[in-house]
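For the record, in the sequence shown the residue sitting at position 80 is 604 according to our numbering, with numbers rising by one throughout. Reviewing the structure listed below.
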Amino acid sequence: MENKQRVALVTGGTGGIGSAICRDLAANGYQVIAGYYSGGSHEKAQKWQQAQAKAGLDMAIAYGNITDYESTKECIEGIQREFGSIDVLVNNAGITRDTTFKRMTPSQWIEVINTNLNSMFNVTRLVIDGMLEKGWGRVINISSINAEKGQFGQTNYSAAKAGIHGFTKALAQEVARKGITVNTISPGYIATSMIMDVPEPVRESIREGIPVGRFGEPEEVARIVNFLADENSGFITGSNISANGGQHMY
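Below is the structure:
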């Protein structure tokens, strides 16, 4: 390993799982950049950054609309100017627009595909050249249990997240001899605000369907990211790690 701090970019870095990933990587010595869009809400991201600083974690933030290639390019080039090439990329950004297929609008389909899948091309395409030049890199893609088993009311989300698995396995083969690994993590139901805001009876019915009897913690996903990003995880590539409390096994 070079005597240089590794640079890690986490898309959707200011969200629930993204925040945990950023904190864990920062605590383990990475220079972390949290990517955000938030509909252009810079104030929200700045407050997030200040909160992390109060906790003793010095992290950068980077604005970009990752559904747009040119906006993404501007974001990545800004990061590279300030910190150099990106060593670890965590494709974590994602949204939901849930509804049954017969009610789904074209915009609900396109928004989810663009944010959850097309963004992965935009970001990874702009980062991979730096990894290839360096001969080292880690690409870690956050998918979902619902990519593996499907979910009622989520044809858009399940399709996009399932696409991540194909992306991972194909790219892993292309860059394997260049010192770059590409892997996927598929979390189940994690105790972020999105889950905790669900009405309690619905939330409890979900919890009852999880064999370990609880929701996952964002920090548990972050731990897997840190493991895959490690210098000593170079023999793991094209893989998927499910973290769902036993809710879906295959």
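Each residue gets a CB set at the ideal place from its N, CA and C atoms; glycine is no exception. For clarity, every value in this text was computed on a predicted model and none was experimentally measured.
Backbone secondary structure at residue i - three-state DSSP
| i | result |
| --- | --- |
| T624 | coil |
| R738 | coil |
| I666 | strand |
| I688 | helix |
| Q529 | coil |
| S543 | helix |
| L641 | helix |
| V745 | helix |
| L752 | helix |
| P711 | strand |
Contact belief for residue i with residue j at Cβ below 8 angstroms, rounded distance in angstroms
| i | j | result |
| --- | --- | --- |
| G618 | T639 | 6 angstroms |
| I688 | S667 | 4 angstroms |
| Q697 | G758 | Their Cβ separation, rounded to whole angstroms, is 15 angstroms, which puts Q697 and G758 out of contact at 8 angstroms. |
| I516 | N646 | Only positions 525 to 774 of the chain appear in this structure, which leaves residue 516 out of reach. |
Nearest neighbour of residue i, chosen from the options [CA to CA]
| i | options | result |
| --- | --- | --- |
| M628 | F676, I669, V612 and E606 | F676 |
| A767 | R747, A532 and D721 | R747 |
| I669 | G564, G712 and I637 | G712 |
| S643 | E672, I600, P630 and G608 | I600 |
| S543 | N764, K528 and D582 | D582 |
Counted within 10 angstroms of its Cβ, other Cβ atoms place residue i as buried (16 or more) or exposed
| i | result |
| --- | --- |
| P742 | buried |
| V726 | exposed |
| K685 | buried |
| A575 | exposed |
| R662 | buried |
Pairwise C-alpha distance: residue j and residue i
| i | j | result |
| --- | --- | --- |
| Q771 | P735 | 6 angstroms |
| V534 | V706 | 15 angstroms |
| I545 | V745 | 7 angstroms |
| Y775 | Y561 | Outside the displayed span of the chain (525 to 774) sits residue 775, for which this structure offers no information. |
| I719 | N680 | 19 angstroms |
| D470 | K626 | The structure shown does not extend to residue 470, since the chain is modelled only from 525 to 774, so the question has no answer here. |
| E732 | V722 | 15 angstroms |
| M525 | R621 | For M525, the predicted model reports a pLDDT of 41, less than 50, meaning its position is unreliable and no value from the coordinates is stated. |
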